[in-house]
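Visitor: I am attaching a structure below and will ask some questions about it afterwards.
Protein chains: 2
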Amino acid sequence: MNKKKLINDIHNQPKVVNEKLINFKKKTAEKWFLDLRDMICDSFLKLEKKYSENKTKINNKTYDFEKKKWLRDGGGGGVMSTMRGDLFEKVGVNISTVHGQFSEEFKSQIPGAEETGRFWASGISVVSHMSNPKIPAAHMNTRFLVTGEGSSKKTWFGGGCDLTPMTNDKKVEKLFHSHIKKMCDKYNKNYYEDYKLWCDEYFFLPHRNEPRGIGGIFFDYFNSLDWDKDLEFVRDVGLTFSEVYSNIIKERMFQDYSKKDKLEQLEKRGRYVEFNLLYDRGTVFGLKTGGNPEAILMSLPPQVSWK
Amino acid sequence: MNKKKLINDIHNQPKVVNEKLINFKKKTAEKWFLDLRDMICDSFLKLEKKYSENKTKINNKTYDFEKKKWLRDGGGGGVMSTMRGDLFEKVGVNISTVHGQFSEEFKSQIPGAEETGRFWASGISVVSHMSNPKIPAAHMNTRFLVTGEGSSKKTWFGGGCDLTPMTNDKKVEKLFHSHIKKMCDKYNKNYYEDYKLWCDEYFFLPHRNEPRGIGGIFFDYFNSLDWDKDLEFVRDVGLTFSEVYSNIIKERMFQDYSKKDKLEQLEKRGRYVEFNLLYDRGTVFGLKTGGNPEAILMSLPPQVSWK
């Protein structure tokens, strides 16, 4: 991706003529992330229940998402929904809507925020670590950003979704990418290739010379100047992810696995931790800009091992 | 610590008049780190054997350090010694002697290397994670640095040692610090206070607002212009650490612990990982300057959990 061009396009966005329209967009995006949160939690909870019903010999606990509200010091806040079950060893679905002022150090890094540092951001983030090593870990995140003041406000979407299988898994790779490609192609024939490449570049551990997983798509500074269509794409990322990942879980949740598979999973999770703490922008940036450490580090796996 | 003054002192070191003397210092330091490695491995291995003899019901495996040589692309290399036992869940003792050229990005950060980027460094690093949560994790590192070229070479020592108890442990804190203070006081009445403070500042997780452990000492740019005395201090750091930590292990290795203690340990180790990957200079710097990822990440605990 030509990121410089994308950032430049953000800077060159037409002036905002209608403050009400920006507010409508903010509300619409925020509402969508909330609805998507409910849909994803429902879908995952149903899977957890289905698993429990068939595996009641393990125990007769029933699980549910635990919701926790949090407030951000600088303005806004969010709700973390987490579940620790037998199928979902740890899954977190976090929504947040925050606003405020970036510090001097960071405002130069955010298009449109260079002058005043003002920003508003709403989004959803999903990270799932499964007990069964035959089921990949998953990550999905979409967000809507507004920076700047008055008529010179800039807006864009960002996000993506990707899978991290715990063992070599060409089958899931092919399946996941084919669905994501089909979804992307509905909007623009370049999206899949561009955003797949960006994802591969982003989720890479240079010190290990290894990708984090099998990728998916990753996009930022996304604004085609057709907001309705852009939102439609962003909605589809969330819905397609939820459907495809839920289907993978359904198909694999009763599969047997060996001790070796489990060990491989715990070590693969180590790489996940290394990526998130060493390189992930959201994590490093979030922790350094006074984000909620509990919500940010919700992405870390429940059990991990290093050789 | 006034780090600026220390760095300034490095810059103002007298010109090197005798190249042979620098080479003698390099060889002497390198040989010391090697000898200390052997002493520490011997001491730890004896403890592991003593534990095994008394706990043969667990299994009848015998453990030993596994040695692995590695070469650095830019010049030099090292030897990792690791043991995964019943008492020492994972302990790594790494020695290395490396030399080469810092990249443009990093040379400005290293006193004496600003112009040519040339450096030579030898050191030892010990990280130990114990099975029994009643025994703290430990870290010790000492190193000798030479930067620059010809008669304008600069040299200094760096290092320190610190403990990370897995549960609140005032007893071990008091014991460890009293021994370290006694050792420091033999050389300079300011060392303990200065280097304890530096350690507390360094091993801190701002995003958690938590210290990593109970500290110890941490020093860098250490050069009193009396090389023999400085080496004596650095030797004493290694020897005192080894003795005090071995005694703590000996005293506690058969202590009972609960499931809750174990869980606390696994979560405390999560903080350890967070610190090392987010903030530790050696880790972040090492990985970004082409260090050996296996040797650098040897510090990561074997089993970890996040809530």
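Residue numbers (our numbering), protein chains in the order written: chain A, 1 to 307; chain B, 1001 to 1307. Positions of the beta carbon are idealized from the N, C-alpha and C atoms, including for glycine. All of these numbers come straight from a predicted model, not from anything done at the bench.
(1) Using only the alpha-carbon positions, how far apart do SER1242(B) and ASN1094(B) sit?
(2) For SER1131(B), does the three-state DSSP call read helix, strand or coil?
(3) Are any of the Cβ atoms in chain B nearer than 8 Å to that of VAL79(A)?
(4) To which residues of the same chain is GLY215(A) closer than 7 Å at the C-beta, ignoring the five residues directly before and after it?
(5) When we look at the beta-carbon of VAL17(A) and count the other beta-carbons within 10 Å, is it buried (16 or more) or exposed?
(6) Starting from ILE1321(B), trace the beta strand (DSSP E) in both directions and tell me its first and last residue.
(7) State the Cα-Cα distance for the pair ALA1121(B) and LEU231(A), rounded to the nearest angstrom.
(8) Quick one, which of MET83(A), GLY100(A) and GLY238(A) has its alpha-carbon nearest CYS184(A)'s?
(9) Quick one: what's CYS161(A) bridged to in DSSP?
(10) What do you get for GLN265(A), buried or exposed, if any count of 16 or more other CB atoms within 10 angstroms of its CB means buried?
(11) Less than 8 Å between CB atoms is the rule here; does VAL304(A) satisfy it with respect to chain B?
(12) In its own chain, which residues sit with a C-beta less than 6 Å from the C-beta of GLY1085(B), not counting the 5 before and 5 after it?
(13) Give the residues of chain A in contact with GLU1274(B), contact being defined as C-beta atoms less than 7 Å apart.
(14) Between the alpha carbons of ARG1072(B) and HIS207(A), how many angstroms are there, rounded?
(15) Under 8 Å, Cβ to Cβ, is there at least one residue of chain B near ARG208(A)?
(16) Excluding sequence positions up to five away, which residues of its chain have a Cβ less than 6 Å from the Cβ of LEU145(A)?
(17) Looking at VAL1091(B): is its Cβ nearer than 8 Å to the Cβ of PHE1044(B)?
(18) Of all the beta strand (DSSP E) runs that stay within the bounds of the stretch 1011-1099 of chain B, which reach a length of 3 or more residues?
(19) Specify the secondary structure class of THR1147(B) as computed by DSSP and reduced to three states.
(20) Residues of chain B with a CB under 8 Å from the CB of PRO301(A): which are they?
(21) Is LEU197(A) close to chain B, meaning its C-beta is less than 8 Å from at least one C-beta of that chain?
(22) Does the stretch 1029-1045 of chain B come into contact with the stretch 122-130 of chain A, if we say contact requires no fewer than three beta-carbon pairs (one atom in each stretch) closer than 8 Å?
(23) Find the residues of chain A that neighbour LEU1263(B), judging by a C-beta separation of less than 9 Å, and give them in chain order.
(24) Would you mind working out which of ASP194(A), LYS250(A), ASP228(A) and ARG269(A) sits nearest PRO211(A), comparing C-alpha positions?
(25) Measure the C-alpha to C-alpha separation of LYS1061(B) and THR1289(B) and round it to an integer number of angstroms.
(26) Decide if the stretch 1213-1229 of chain B is in contact with the stretch 1178-1194 of chain B; the criterion is three or more beta carbon pairs, one per stretch, under 8 Å apart.
(27) Compare the C-beta of PRO293(A) against all C-beta atoms of chain B and say whether one is closer than 8 Å.
(28) Would you say LEU287(A) reaches chain B, if we count a Cβ-Cβ gap shorter than 8 Å as a contact?
(29) Please list the terminal residues of the continuous alpha helix (DSSP H) segment that includes GLN1265(B).
(30) Run through DSSP, which three-state label would GLU1294(B) get?
(31) Once the 5 residues before and after GLY78(A) are set aside, which same chain residues still bring their CB inside 8 Å of it?
(32) Which residues in the same chain as THR1116(B) place their Cβ atom closer than 7 Å to its Cβ, once the five residues preceding and following it in sequence are excluded?
(33) Ordered along the chain, which non-local residues of its own chain (more than five positions away) have a Cβ less than 8 Å from that of LYS153(A)?
(34) Is there at least one Cβ from chain A nearer than 8 Å to LEU1071(B)'s Cβ?
(35) In angstroms with no decimal places, state the Cα-to-Cα distance between PHE233(A) and ILE135(A).
(36) Look up SER152(A) in the DSSP assignment and say whether it is helix, strand or coil.
Guide: Let me lay it out:
(1) For this step, residue 1242(B) is matched to residue 242 along the second sequence. For this step, residue 1094(B) is matched to residue 94 along the second sequence. Cα-Cα distance, rounded: 14 Å.
(2) As a position in the second sequence, residue 1131(B) is number 131, starting the count at 1. Coil at SER1131(B), not helix or strand.
(3) As a first step, residue 79(A) must be located in the first sequence, where it is residue number 79. Cβ-Cβ to chain B under 8 Å: no for VAL79(A).
(4) As a first step, residue 215(A) is located in the first sequence; it is residue number 215 there, counting from the start. Closer than 7 Å at the Cβ level, and outside the excluded window around GLY215(A), lie ASP162, LYS196, CYS199, ASP200 and PHE203.
(5) Residue mapping note: residue 17(A) aligns to position 17 of the first sequence, counting from 1. Classification of VAL17(A): exposed, given that the 10 Å Cβ count is below 16.
(6) No answer is possible for residue 1321(B): it lies beyond the span of chain B, which begins at 1001 and ends at 1307.
(7) Stepping through the second sequence from its first residue, residue 1121(B) is reached at position 121. Stepping through the first sequence from its first residue, residue 231(A) is reached at position 231. For ALA1121(B) and LEU231(A), the distance between alpha carbons rounds to 54 Å.
(8) In the first sequence, the residue the question calls residue 184(A) occupies position 184. Among MET83(A), GLY100(A) and GLY238(A), the Cα nearest to that of CYS184(A) belongs to GLY238(A).
(9) One-based indexing of the first sequence puts residue 161(A) at position 161. Note: CYS161(A) sits in a beta bridge opposite MET140(A) and ILE217(A).
(10) For this step, residue 265(A) is matched to residue 265 along the first sequence. It counts as buried.
(11) For the purposes of this step, residue 304(A) is taken as the residue at position 304 of the first sequence. True, the Cβ-Cβ gap to chain B drops below 8 Å.
(12) As a working mapping, residue 1085(B) is identified with position 85 in the second sequence. Leaving aside the five residues that flank GLY1085(B) on each side, the residues in its chain whose CB is nearer than 6 Å to its CB run, in chain order, GLU1048 and TYR1063.
(13) Here residue 1274(B) refers to the residue found at position 274 of the second sequence. Residues of chain A with a Cβ closer than 7 Å to the Cβ of GLU1274(B) are, in chain order, LEU277.
(14) Counting from 1 along the second sequence, the entry for residue 1072(B) is found at position 72. Counting from 1 along the first sequence, the entry for residue 207(A) is found at position 207. In this structure, the alpha-carbon of ARG1072(B) lies about 14 Å from that of HIS207(A).
(15) As a first step, residue 208(A) is located in the first sequence; it is residue number 208 there, counting from the start. Yes - at least one Cβ of chain B is within 8 Å of the one on ARG208(A).
(16) Counting from 1 along the first sequence, the entry for residue 145(A) is found at position 145. Cβ within range, chain order: ALA121 and TRP156.
(17) On the second sequence, position 91 is the one that residue 1091(B) refers to. On the second sequence, position 44 is the one that residue 1044(B) refers to. Yes, they are a contact pair.
(18) Inside the stretch 1011-1099 of chain B, DSSP marks whole beta strand (DSSP E) runs of 3 or more residues at positions 1066-1071 and 1076-1083, from first to last along the chain.
(19) Locating residue 1147(B) in the second sequence gives position 147, where the first residue counts as 1. In the three-state DSSP reduction, THR1147(B) falls in the strand class (E or B).
(20) Position 301 of the first sequence, counted from the first residue, corresponds to residue 301(A). The answer, in chain order, is TRP1306.
(21) Counting from 1 along the first sequence, the entry for residue 197(A) is found at position 197. Residue contact with chain B for LEU197(A): absent (no Cβ-Cβ distance below 8 Å to any residue of chain B).
(22) With fewer than three CB-CB distances shorter than 8 Å, the stretch 1029-1045 of chain B does not count as touching the stretch 122-130 of chain A.
(23) Position 263 of the second sequence, counted from the first residue, corresponds to residue 1263(B). For LEU1263(B), there are no neighbours in chain A by C-beta distance under 9 Å, as the nearest C-beta there is about 11 Å away.
(24) As a working note, residue 211(A) is residue 211 in the first sequence. For PRO211(A), the closest C-alpha among the options ASP194(A), LYS250(A), ASP228(A) and ARG269(A) is that of ARG269(A).
(25) Residue 1061(B) sits at position 61 when you count from the first residue of the second sequence. Residue 1289(B) sits at position 289 when you count from the first residue of the second sequence. Separation of LYS1061(B) and THR1289(B) (C-alpha to C-alpha, rounded to the nearest whole angstrom) is 39 Å.
(26) Taking 8 Å as the limit for Cβ pairs, the verdict is that the stretch 1178-1194 of chain B does touch the stretch 1213-1229 of chain B.
(27) Numbered from its first residue, the first sequence carries residue 293(A) at position 293. Cβ-Cβ to chain B under 8 Å: yes for PRO293(A).
(28) On the first sequence, position 287 is the one that residue 287(A) refers to. Taking a beta-carbon distance threshold of 8 Å, LEU287(A) counts as an interface residue toward chain B.
(29) By one-based count along the second sequence, residue 1265(B) stands at place 265. If you look at GLN1265(B), you'll find it in the alpha helix (DSSP H) that goes 1259-1278.
(30) By one-based count along the second sequence, residue 1294(B) stands at place 294. Per DSSP, reduced to three states, the secondary structure at GLU1294(B) is helical.
(31) On the first sequence, residue 78(A) is found 78 positions in, with the first residue counted as 1. If we look at GLY78(A) and ignore the five residues flanking it on each side, its Cβ neighbours are LYS69, TRP70, ARG72, ASN94, ILE95, SER96, THR97, VAL98, ASN292 and ALA295.
(32) Sequence index remark: in the second sequence, residue 1116(B) carries index 116 (1-based). Cβ within range, chain order: GLY1148 and GLU1149.
(33) One-based indexing of the first sequence puts residue 153(A) at position 153. Within the same chain, LYS153(A) has close Cβ partners VAL16, ILE22, GLY112, VAL146 and THR147.
(34) Within the second sequence, the letter at position 71 stands for residue 1071(B). Output row for LEU1071(B): interface = no.
(35) What you label residue 233(A) is simply residue 233 of the first sequence in a count that begins at 1. What you label residue 135(A) is simply residue 135 of the first sequence in a count that begins at 1. When the Cα atoms are used, PHE233(A) and ILE135(A) turn out to be separated by approximately 26 Å.
(36) As a working mapping, residue 152(A) is identified with position 152 in the first sequence. It is helical.
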